[in-house]
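Per our numbering, the sequence shown starts with residue 2, numbered consecutively.
All C-beta atoms, glycine included, are put in the ideal place defined by N, C-alpha and C.
Accompanying notes for the structure given below.
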Amino acid sequence: MSLEESTQVEHSVEKLSDTEYLVQVTVPAEQVKRKLEESYRQAVREIELPGFRRGHVPRSLIEARFGEDFLAEDVQRELIGQVLPEVLQEAELQPIVPPETETKEFSSGQPFRFSAKLEIFPRPVVADYAGLEVPDLPLEPVSQTEIDNELEELRLQNATLVPKDQPGAKVEVEDMVRVRRPGHGDTYQLQARPEHFSAALLGHLIGDVVRLPLDQMEGPLEIVAIERIERPDLDDLAQTLGHDGATELVAQVHQELEHEHEQARQAALKRAVLDAVIAKSEVPIPTRLVDQLAQAELQRADEQQLEEAELTEFKESIRAQLKRQRVLEAIEEQEGLKLSDEEFEAYLKEQAQSQQMNPIKFKALLEREGRLEGLRATQNDERALELLLEKAKIIKADDAADEGEQS
């Protein structure tokens, strides 16, 4: 449809809420007639009836056979598809989900009227975030359990496998067991763990034939070899990792965990500042979008029907996430924080080097996995969060106590 034709279309726009609009459209009779004629010509070329060659069936016979309005539904759909996008462009409305359309009367020689109900993302009105007061968050101390777990992980990473080939050696918990189907050369390695299908291996000897309760390994399996995991003690581990002794290694682990805690605290502070900005801002979120996202997520997770309270809570979490994203995007535009192409390329190169990858191959991998633009958006968001934290006034616990005493 040409722009000249679209100027003949009449429309009105009614604002139902901050996120909902109702558009009433009238397509002139002449345009309806032309579309009907075009559709009839197309139908005549495709319809075959006994006694007539394809493309030569009289229109009167087609109407008698299928009814005068047999093309009405197709013509209405095509007219809406042609007219509505230009109407919305003229009205400067960008629906975030397909509009809900409802047709009025339709007949040849008469104007065609329809309505479209649509939801949009209105631009959020972001509150002033300079000097916004947010309570500080405590730095969680590093626990001995965390240190022990990290040391145990390091010991496991630097462990060696020692064959258990002495007579009578049995499979014990954590042992690495190599098995094969009797008469086959290929072997598989499994770790014997309790509360796992591999627990069936526990207590058996080399040469024993075992059946595992697993469909993928149906049939008997012969135990070919058993190896135990030998972890280094802390002094040997420290030497392997370039430390003078266990004390220095533990101190290093403590320092790294403390750094992780501080990073977690900073991330939580950024989220707290963002939520404080949102609480003072106007961020309308379309209800139908929330419903559709919730339904899609539940289907993807193969979740069963949620209780009403659970579903409400789930939808509120989606609404909160959308609000955060809308506010961050608005701040990024307002402050000019979005990465330029050059900055993003430099960031990708830095990330590739940190992973010892070729920058071109690294970028190609991200594109192939569909993660490239998401990574760019994440970096833009991080810039906005850094700015919010920088401009906020973080109230220390001691400061808050002093203010309370003064008041």
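For residue i, the first and last residue of its enclosing beta strand (DSSP E)
i: H12; result: E11 to K16
i: V225; result: P221 to E231
i: V28; result: E21 to V28
i: F115; result: F113 to E120
i: Q190; result: Y189 to Q192
i: K394; result: K394 to I396
i: E344; result: Taken as a continuous stretch (DSSP letters only), E344 belongs to no beta strand (DSSP E), being part of the alpha helix (DSSP H) at D342 to S355.
i: Q136; result: With the sequence shown as reference, residue 136 is identified as Pro, and Gln is not the correct amino acid for it. It spans E134 to P136 - the beta strand (DSSP E) in which P136 sits, taken as one unbroken run.
Reference residue i; option with closest CA among the options
i: V88; options: F115, E231, E333 and Q293; result: F115
i: A280; options: V135, H260 and I81; result: V135
i: V210; options: I224, S199, F198 and A200; result: I224
i: V328; options: L349, G204, V254 and V127; result: V127
i: E79; options: Q32, K118, R46 and L338; result: Q32
i: L72; options: T102, F107, E91 and E93; result: F107
i: E120; options: G204, V98, L389 and Q253; result: V98
i: V14; options: Q77, R42 and L85; result: L85
i: I207; options: R181, D187, H185 and G186; result: R181
i: K105; options: Y130, K16 and T27; result: T27
i: D129; options: I227, V143, K16 and S282; result: S282
i: V10; options: S109, F113 and E317; result: F113
i: V278; options: H262, A398 and Q326; result: Q326
i: E261; options: E103, E374, E151 and P285; result: E151
i: S18; options: T313, R289 and A131; result: R289
i: L23; options: K36, I81 and P100; result: P100
i: L157; options: V143, T188 and R229; result: R229
i: Q335; options: E249, R301, P125 and S40; result: P125
i: Q145; options: E309, A252, L37 and Q264; result: A252
i: E330; options: L373, T313, A378 and F345; result: A378
i: L203; options: I227, E368 and L373; result: I227
i: R266; options: L37, L140, A201 and D75; result: L140
i: L340; options: G375, A321 and E38; result: G375
Neighbourhood of residue i by C-beta, 7 Å cutoff - its chain only, sequence neighbours within 5 removed
i: A247; result: L235, D236 and A239
i: L386; result: K271 and L275
i: H205; result: K171, V172, V211 and I224
i: A398; result: D137
i: F345; result: R377
i: K34; result: S109 and G110
Enclosing alpha helix (DSSP H) for residue i [first to last residue]
i: F363; result: P360 to R369
i: K324; result: E309 to E336
i: A239; result: L235 to T241
Close Cβ partners of residue i (< 6 Å) along its chain, the five nearest in sequence each way excluded
i: D342; result: none
i: I319; result: V291, L294 and A295
i: A44; result: none
i: R212; result: P221
i: S199; result: L191 and A193
i: Q25; result: S13 and S116
i: A393; result: L133, V135 and V274
i: A131; result: K392
i: T188; result: R179, R181 and V225
i: K364; result: L349
For residue i, three-class secondary structure by DSSP
i: G186; result: coil
i: I97; result: coil
i: V284; result: coil
i: R181; result: strand
i: K165; result: coil
i: E141; result: coil
i: P81; result: For the record, residue 81 in the displayed sequence is Ile; it is not Pro. Residue state, collapsed to three classes: helix.
i: V174; result: coil
i: E257; result: helix
i: P123; result: coil
i: L386; result: helix
i: L213; result: coil
i: L152; result: helix
i: L72; result: coil
i: L203; result: coil
i: E196; result: coil
i: S408; result: At S408, the pLDDT of 49 sits below 50, so the modelled position is not reliable; the number obtained from the coordinates is stated separately. Here S408 sits in coil by DSSP.
Contact set for residue i: own chain, Cβ-Cβ below 8 Å, skip 5 residues either direction
i: N359; result: A353
i: E1; result: Lying outside 2 to 408, the shown extent of the chain, residue 1 is not represented and no answer is given.
i: L338; result: I332, N381, R384, A385 and L388
i: Q95; result: L89, I121 and F122
i: T241; result: N159 and P233
i: G169; result: L206
i: E154; result: none
Distance cut-off 7 Å: residue i Cβ against heavy atoms of the ligand NAP
i: L203; result: Looking at this structure, you won't find the ligand NAP or any other ligand, since it has none at all.
Beta-carbon separation (whole angstroms), residue i vs residue j, contact threshold 8 Å
i: P287; j: T20; result: 4 Å
i: V174; j: L191; result: Contact flag wrong, Cβ pair sits at about 13 Å.
i: I396; j: D176; result: About 55 Å separates the two Cβ atoms, so there is no contact after all.
i: V254; j: I148; result: 6 Å
i: E263; j: V143; result: E263 to V143, Cβ: 11 Å. No contact.
i: F315; j: L307; result: 7 Å
i: A30; j: Q83; result: That belief does not hold up - the Cβ atoms of A30 and Q83 are roughly 16 Å apart, past 8 Å.
Cutoff 8 Å: residue i Cβ touching any chain C Cβ
i: F198; result: Of the chains in the structure shown, none is chain C; there is only one protein chain.
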